[in-house]
Structures are given as C-alpha cells and as structure tokens.
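Student:
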Amino acid sequence: MQLSDLGYDIVYHILANFLDHSDFSSIVLLNHSFYQAVMPFLMTSVSLTSPKSLMSFKEFMSSPSSAPWIIHTRSLTVSIFYAPSREERPQLACLLLNVASLIRGATNLEELSSYCLGDLISLQPRVGEALIECRGLLNLHAGKHVCGSTVTVVSRMPCPLRRISLSASGRLPTLRALRPFQSTLQSVSLKFCDFLPPDVRESDVFPQVQHLRVVSCSSFLSIIFALFPNARTLYMNGFRVAKHSAVSKSWTPYWTSLDDVTITGTGFVDLGLSCPIRTLSVQRQESQPDMLAFLRMLSATTPLVLDFKVSLLSVDDVVNLPDFGHYISQTQFLIFTLAGVEIYDDESIAECLRAVFRSLLNASSLVYFKLVLSTSDDEPWLPQSLVTLVADLAKTLPHLRLLHLREDLDKRVWHMSRDSVGGVEAKMLPSGVVIPDCKSAPGMEELRAYMTLMSAAYC
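Numbering (this note's numbering), first residue to last: 32 to 490.
In structure tokens, the structure reads:
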C-alpha cells in the first residue's frame, strides 16, 4: 500500500505530525493526489510580500477551486516594500481586491501583519471594509505608515484583539484605535505614538495588558501607569517624558505587577517604580552623566537579575558610585556588559575590571556574574592577567558560585569551589559548556539547578 492509497484523514494526521510545513508545496507538485490533504496546511499561513506573490495569489483566487481552502487561513501577512508609481497604483489596487476577498472569506483568521497597512487601505478601501467585518482576529501588527484611516478602521473592528502593534507615521489619536479592546488586549506595542491630554481620558484603562512595549513615544509617566496598571513586562526605548504635566492628581504612579523591565535609549528617568521586579535590563547612554535616577531605580526595584550595559568610556561613572554594591545587595544574577574595549590596551582594561570588581564588594547576594566584553574586532580578546582577576573576584564576593566571562568570539566559565573554612578556588569549566539564560524565570531556575549540580560535583 502506498501513502496515496490512505484516506485523507490518515494522510492529514501524518502530514501534521511528521513533516515540515515547508515541504508541503513540494509534496503537491510530486503527487497531485495529496492536494486535498495538503491544501489546508498550505493555506494556514499566507504571505504576500511582493507584486509577484500578489499576481500568483490573484490567479489562485480566480480559480473556482480556491473557495474551500480560504477558511483554513489563520495568519495573513501583506506588505509592499516599495512606493508604487502613479501608473502602478491602479493595477496594485486591483490585486488588493483579492486580499480583501481573502479577509472576508477567512472566517478563522486570527493574525494579520502588514508593514504598510495604511498604504493598503488607501490604495484599496475594500481592504479596510473587510477588516471592519473581521470578527475573529486576535493579533494585529501594523508596521510603518499607520495613518488616520488605519486608526479609523481599527477602531471599528468588532474582533476581540489580544495583541496589537502600531507604528504611527505622525501624531495620531492612537488611543482611539485601542479603546474598543480595553477588556481584551493583553499585549501592546507602540512606536512613534504620543499619549497626551486632551487625547487621554481617565476612563482609558487597559487592565488585561500584561506586556507593554513603547518605542520613541512621548507621554507623562503617570498616564502610562494609569493606562496599563497591571503590566508585567515593560520595554522602553527612546521614551520621551513629557513636561508640564496637566494630568489629574487622581492619577498617581503605580505599577505593582512588574516582573521584567528593559530600558534602552531612554535615560535613567525616575520611573517611580514601587515594587520589586525579577529582571531589570538597562543600557546606559553616553549623554546621561547623572546616575542618581539609576540608583533610585535600583533601590525601588531590588532586581534579582540585573542586566547592565555600559561603554568603557563611561564605566567610571558606575564603578565610582558610592557603595554601588550596596544598591544591588539583593541582586543574585548580574550581567555586566562593557562595550568598546578594543581601543584600550590590556593593562587599562585589567584596571577597569579591578575597579568593577571592587565596586561589587557589598553585593552580598551575588551568586552568578556574567561579564561580557564587547568589541568590534574579529580577534578574540581576553586580558593576560585574567587568572589573577578571577581569583581576586572570588575572594571579594563570598557567595559567588559561577563567573561567566564572554568575549564576542570566546567564552570561559569558572566555578567557585569553597571549603568549610572560607577558602576558595576558581576552577575553569571545560570549553563548550552551555550556561542557561537567567533573564527568563525558567532560565533562572535552570541556572540555579545547574550551579547546585556544579557545587555537588566539585565538593
């Protein structure tokens, strides 16, 4: 018996469990008898990102046999990565009619992604009309060029969106697009969006949002707090804190559920965080001489995991802080990245590392220290005095169990073996050892278990 002799339900099960999705189109070309079984898989995810793919899709949609398969589409990606000329626009608008038909017919569509949703709606308004009729969409990613027409369409969609990503092309009433989904949104990603009075109402609260990402946005911190009070993960990049706040006094800063915070390209603004968090990731910018806000953030959040990146040019601002180790006395996992080390000689870098180690003197809870030396060179670099430096660090930090030193092209790991009378020996582990990533909660527990195993092995 051949595979083609089996019933479609059996073939469907085999395809679903034993073959890669990328192989399905080849299977159809090799044996057309598999067409009925393979097409539901091929139509699950549709990607149209070029004029050629739009033309091919038009031919498919023109065939009477296409109708039964549209209902299987769950994910649709439509993007045009060029600006069509005036002569090309009518033809492109005609091709986009097929996209509108697919959206209407794909009653199980759950995810829509478009790099240029605003342009698509402007070229072919029926795409927007089809979206307004879309009732099952859960995830919407609208990249660049989100404009007023996009906001209007999204605000009229009757679906229970859980995840939304918007990148605006100008100052827009973004909240107008979000308001219909106040009770369903769980993840929000916004770029080039402003949240400023009078656009913001005190009734604008998204209590279900767990994941918040804001890039190059401007707002009052108190507004962000009030809009997304229960956020668990926060990513801020290039966030601009608006001045001269006119927000109601009833909107007080609060975030008590945060678990993971990443701040880059933003500055050490005083976020007013009032709760302990598991992971704090910060990339210091050269234009931030004032470190007091950073210290306030450390004191308020007491992170278990601190991921901190700084260039060698400005590392003195960190290591010379009064009692820096005291501010991270509850931090157990430290990832410290030094960038730009290639422009310094060995002794200068070694002295910098000694200063970093001395600054950690009162980091009494530190059990794992990952030091990343980031260079732009092609050759691996490690200081000649590395063994001495590691021994000094082992003596400085009494609870340290694992030191992970990684250069862009090399990595070395030491386990700190301690005896009952306080003696310590740094033992380098074999090359190729894989260290779990402690920045995630499962990874942190996996690393704890790994260090316990190493301690037992080296007793």
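Ideal placement from N, C-alpha and C gives every residue a C-beta, glycine not left out.
Quick check: what's the CA-CA separation for Gln314 versus Ala262?
Tutor: Numbered from its first residue, the sequence shown carries residue 314 at position 283. Numbered from its first residue, the sequence shown carries residue 262 at position 231. Going by the C-alpha atoms only, they are around 21 Å apart.
Student: Any idea which residues DSSP pairs Asn351 with across the strands?
Tutor: The residue given as residue 351 occupies position 320 in the sequence shown. In the DSSP output, where bridge partners are listed per residue, Asn351 has none listed.
Student: Compare the Cα-Cα distances from Ser330 to each of Ser360, Leu107, Val444 and report the closest residue.
Tutor: Here residue 330 refers to the residue found at position 299 of the sequence shown. Of Ser360, Leu107, Val444, the residue nearest in Cα terms is Ser360.
Student: Is DSSP giving Ile466 helix, strand or coil here?
Tutor: Position 435 of the sequence shown holds residue 466. Of the three classes helix, strand and coil, the one that applies to Ile466 here is coil, per DSSP.
Student: Of all the alpha helix (DSSP H) runs that stay within the bounds of the stretch 184 to 256, which reach a length of 4 or more residues?
Tutor: Taking only runs of at least 4 residues, the alpha helix (DSSP H) segments lying wholly in the stretch 184 to 256 are 205 to 209.
Student: From which residue to which residue does the alpha helix (DSSP H) around Gly101 run?
Tutor: Along the sequence shown, read from residue 1 onward, the residue named residue 101 stands at position 70. The sequence as given places Ile at residue 101; Gly does not occur at that position. Looking at the DSSP string, the run of the alpha helix (DSSP H) that includes Ile101 is 98 to 101.
Student: In the DSSP output, which residue or residues are listed as bridge partners for Gln314?
Tutor: Mapped onto the sequence shown, residue 314 falls at position 283. In the DSSP output, where bridge partners are listed per residue, Gln314 has Thr295, Lys340.
Student: Taking the beta strand (DSSP E) that Asn268 belongs to, which residues open and close that run?
Tutor: Start at 1 with the first residue of the sequence shown, and residue 268 comes out as number 237. From DSSP, the beta strand (DSSP E) with Asn268 extends over 264 to 268.
Student: Would you kindly work out how many angstroms separate the C-alpha atoms of Val278 and Phe237, rounded to a whole number?
Tutor: Residue numbering aside, residue 278 sits at position 247 when the sequence shown is read from its first letter. Residue numbering aside, residue 237 sits at position 206 when the sequence shown is read from its first letter. Unreliable placement is indicated for Val278, whose pLDDT of 43 sits below 50; the coordinate value is still reported in the next sentence. Taking the straight line from one Cα to the other gives about 18 Å.
Student: Quick check: what's the CA-CA separation for Leu352 versus Ile163?
Tutor: The count along the sequence shown starts at 1 and reaches residue 352 at position 321. The count along the sequence shown starts at 1 and reaches residue 163 at position 132. Each residue's alpha carbon lies about 55 Å from the other.
Student: Answer with buried or exposed for Val418, where buried requires no fewer than 16 other C-beta atoms within 10 angstroms of its C-beta.
Tutor: Against the sequence shown, residue 418 aligns to sequence position 387. Exposed.
Student: In three-state DSSP terms, what is Val444?
Tutor: The residue labelled residue 444 in the question sits at position 413 within the sequence shown. DSSP places Val444 in strand when its eight states are reduced to three.
Student: Identify the continuous alpha helix (DSSP H) that holds Ala161 and give its terminal residues.
Tutor: For the purposes of this step, residue 161 is taken as residue 130 along the sequence shown, with counting starting at 1. Element bounds for Ala161: 156 to 163.
Student: So, helix, strand or coil for Ala173, using DSSP?
Tutor: Stepping through the sequence shown from its first residue, residue 173 is reached at position 142. Strand.
Student: Rounded to whole angstroms, what's the CA-CA distance from Asn393 to Arg105? Just pull it up for me.
Tutor: Reading the sequence shown from its first residue, position 362 is the one you call residue 393. Reading the sequence shown from its first residue, position 74 is the one you call residue 105. In a straight line, the C-alpha of Asn393 is about 53 Å away from that of Arg105.
Student: Following the continuous alpha helix (DSSP H) through Phe325, name the residue where it begins and the one where it ends.
Tutor: Along the sequence shown, one-based indexing puts residue 325 at 294. Per DSSP, Phe325 belongs to the alpha helix (DSSP H) from 323 to 332.
Student: Look up Arg271 in the DSSP assignment and give the residues it is bridged to.
Tutor: Indexing the sequence shown from 1 puts residue 271 at position 240. Looking at the DSSP assignment, Arg271 forms a beta bridge with Ser249.
Student: Give the straight-line distance between the Cα atoms of Leu391 and Ala381, rounded to the nearest whole angstrom.
Tutor: Reading the sequence shown from its first residue, position 360 is the one you call residue 391. Reading the sequence shown from its first residue, position 350 is the one you call residue 381. Each residue's Cα considered, the two are about 16 Å apart.
Student: What residue does the beta strand (DSSP E) around Met459 start on, and which one ends it?
Tutor: The residue given as residue 459 occupies position 428 in the sequence shown. First-last of the beta strand (DSSP E) with Met459: 455 to 459.
Student: Whole-angstrom Cβ separation of Leu192 and Leu168, contact assumed at under 8 Å?
Tutor: Reading the sequence shown from its first residue, position 161 is the one you call residue 192. Reading the sequence shown from its first residue, position 137 is the one you call residue 168. With a Cβ gap of about 6 Å, Leu192 and Leu168 count as contacting.
Student: Among residues of its own chain, excluding the 5 on either side of Ser312, which ones have a beta-carbon nearer than 6 Å to its beta-carbon?
Tutor: By one-based count along the sequence shown, residue 312 stands at place 281. Cβ neighbours of Ser312 beyond the five flanking positions: Thr293, Asp338.
Student: Of all the options Arg385, Tyr146, Leu434, which has the alpha carbon lying nearest to the alpha carbon of Thr80?
Tutor: As a first step, residue 80 must be located in the sequence shown, where it is residue number 49. For the residues Arg385, Tyr146, Leu434, the minimum Cα distance to Thr80 belongs to Tyr146.
Student: Based on Cα-Cα distance, which residue from Leu258, Leu365, Gln217, Thr138 lies nearest to Asn170?
Tutor: Working through the sequence shown from its first residue, we reach residue 170 at position 139. Checked all of Leu258, Leu365, Gln217, Thr138; the closest Cα to Asn170 is Gln217.
Student: Which residue or residues does DSSP assign as beta-bridge partners of Thr368?
Tutor: By one-based count along the sequence shown, residue 368 stands at place 337. Per DSSP, Lys340, Val403.
Student: Measure the CB-CB distance between Ile195 and Val219 and report whether it falls below 8 Å.
Tutor: For the purposes of this step, residue 195 is identified with residue 164 of the sequence shown, where counting begins at 1. For the purposes of this step, residue 219 is identified with residue 188 of the sequence shown, where counting begins at 1. Yes; because the gap between Cβ atoms is below 8 Å, this pair is in contact.
Student: What does Arg437 pair with, by DSSP beta-bridge criteria?
Tutor: Sequence index remark: in the sequence shown, residue 437 carries index 406 (1-based). In the DSSP output, where bridge partners are listed per residue, Arg437 has Val403, Lys442.
Student: What separation, rounded to the nearest whole angstrom, lies between the Cα atoms of Leu404 and Asp468?
Tutor: Position 373 of the sequence shown, counted from the start, is the residue given in the question as residue 404. Position 437 of the sequence shown, counted from the start, is the residue given in the question as residue 468. Answer to the nearest angstrom: the Cα atoms are 17 Å apart.
Student: Do you know whose CA, among Tyr481, Ser451, Ala472, lies nearest Leu434's CA?
Tutor: Against the sequence shown, residue 434 aligns to sequence position 403. The shortest C-alpha separation from Leu434 is found at Tyr481.
Student: Within its chain, find whatever has a CB closer than 6 Å to the CB of Val109; leave out the 5 residues flanking it on each side and keep chain order.
Tutor: The residue labelled residue 109 in the question sits at position 78 within the sequence shown. Around Val109: Leu79, Val130, Ser145.
Student: Tell me the residue span of the beta strand (DSSP E) that contains Ser345.
Tutor: Looking up residue 345 in the sequence shown gives position 314. Premise fails: Ser345 is in no beta strand (DSSP E) and is neither H nor E.
Student: Taking Ala199 and Gln155 to be in contact with their CB atoms under 8 Å, please state how far apart those CB atoms are, rounded to whole angstroms.
Tutor: The residue labelled residue 199 in the question sits at position 168 within the sequence shown. The residue labelled residue 155 in the question sits at position 124 within the sequence shown. Incorrect: roughly 21 Å between the Cβ atoms, too far for contact.
Student: Can you list, in chain order, the residues of its chain with a C-beta nearer than 8 Å to that of Asp423? Leave out the 5 residues immediately preceding and following it.
Tutor: Residue mapping note: residue 423 aligns to position 392 of the sequence shown, counting from 1. Excluding sequence neighbours, Asp423 sits near Arg385, Phe388.
Student: With a floor of 3 residues, list each beta strand (DSSP E) that falls wholly inside the stretch 68 to 153, ordered by position along the chain.
Tutor: DSSP runs (the beta strand (DSSP E)) wholly in the stretch 68 to 153: 76 to 79, 106 to 109, 142 to 145.
Student: Mind checking whether Gln239 and Thr215 have CB atoms under 8 Å apart?
Tutor: Looking up residue 239 in the sequence shown gives position 208. Looking up residue 215 in the sequence shown gives position 184. Cβ atoms of Gln239 and Thr215: closer than 8 Å.
Student: Nearest by alpha-carbon distance to Glu476: which of Phe367, Ala425, Val421, Leu335 is it?
Tutor: Locating residue 476 in the sequence shown gives position 445, where the first residue counts as 1. Minimum Cα distance to Glu476 is reached at Leu335.
Student: On the three-state DSSP scale, how would you describe Arg449?
Tutor: Residue 449 sits at position 418 when you count from the first residue of the sequence shown. Reduced to three states, the DSSP call for Arg449 is strand.
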